[in-house]
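Numbering (the working numbering), first residue to last: 20 to 314. All C-beta atoms, glycine included, are put in the ideal place defined by N, C-alpha and C. What you are looking at is a predicted structure, and each value in this text was computed from that prediction instead of being measured.
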């Protein structure tokens, strides 16, 4: 899969899972700590099957992947609704019908399971509030020369709701969702680009031109995204709270771009999961803006 070149000014997040599918592996290693439960969910305002990943942590030097927990009772409640999620596969729990979170409302995640087989079910909970939607004005692509290469800057223009300063985002390119790998999701502290309540031209990413693909070997082609004339690109961006931003930043620092998620003691990673659990329960409200590259 071709990946995007990342400018040094951006903070690149490492996520547990894809923004909309939550199907990537949830591998958490802890330094000789007792196993516990790892939970990850991005509750979305998009009407879709909402998912939660529930797995066991593993010792840091273990070669075994994190074991899925398949017999948990998983519920999400808020805004006058309550959803019971069913286990589908590999520790992924899903709503039985398409659902959507409501902006401005608080939601609670509950995971009940006997993860240590002591005959007693343990309860892990977390809460989150759905953010406002980011009112994106537009994105545009501008070509720049970087050495021998032609690059496309993706430039963002948007108002920012008061009280928010952190965001995460991914892209659709020609109607295919990219940034679904852990190392691809972007996060940014937008306060550094604000002029009052407006971002007037934030360079979100630099894409390589398809015309330069012949300069790269097969390994590099797997790590770089390319775009070109007539490509349709959509940015999907959501405001997030500081806790989730810190969680993603800590994950990046711990793993250095590689799985497993936790490269050190779990206490180094921000979490909002109760009862000694790890991971994060977050809410996102994706806004979208689309452009077609015209040159």
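Residue 204 sits close to residue 189, with the two beta carbons spaced by under 7 Å. The DSSP assignment places complete beta strand (DSSP E) segments of no fewer than 3 residues inside the region 147-196 at 155-165, 168-178, 185-192, in order along the chain.
The C-beta of residue 224 has 16 or more other C-beta atoms within 10 Å across all chains shown, which makes the residue buried. Within a 10 Å sphere around the beta-carbon of residue 61 sit 16 or more other beta-carbons, which makes this residue buried. For residue 105, the enclosing beta strand (DSSP E) stretches over residues 100-108. Per DSSP, the continuous alpha helix (DSSP H) segment holding residue 237 begins and ends at 237-240. Pairing residue 93 with residue 175, the inter-Cα distance amounts to about 38 Å. No Cβ-Cβ contact shorter than 7 Å links residue 113 with residue 292.
Short of 6 Å from the beta carbon of residue 157, and not among the five residues preceding or following it, lie these beta carbons of its own chain, in chain order: 176, 308.
Ranked by how close their Cα comes to the Cα of residue 169, the residues 265, 219, 228 have 228 in first place.
In the DSSP secondary-structure assignment, residue 87 is bridged to 74.
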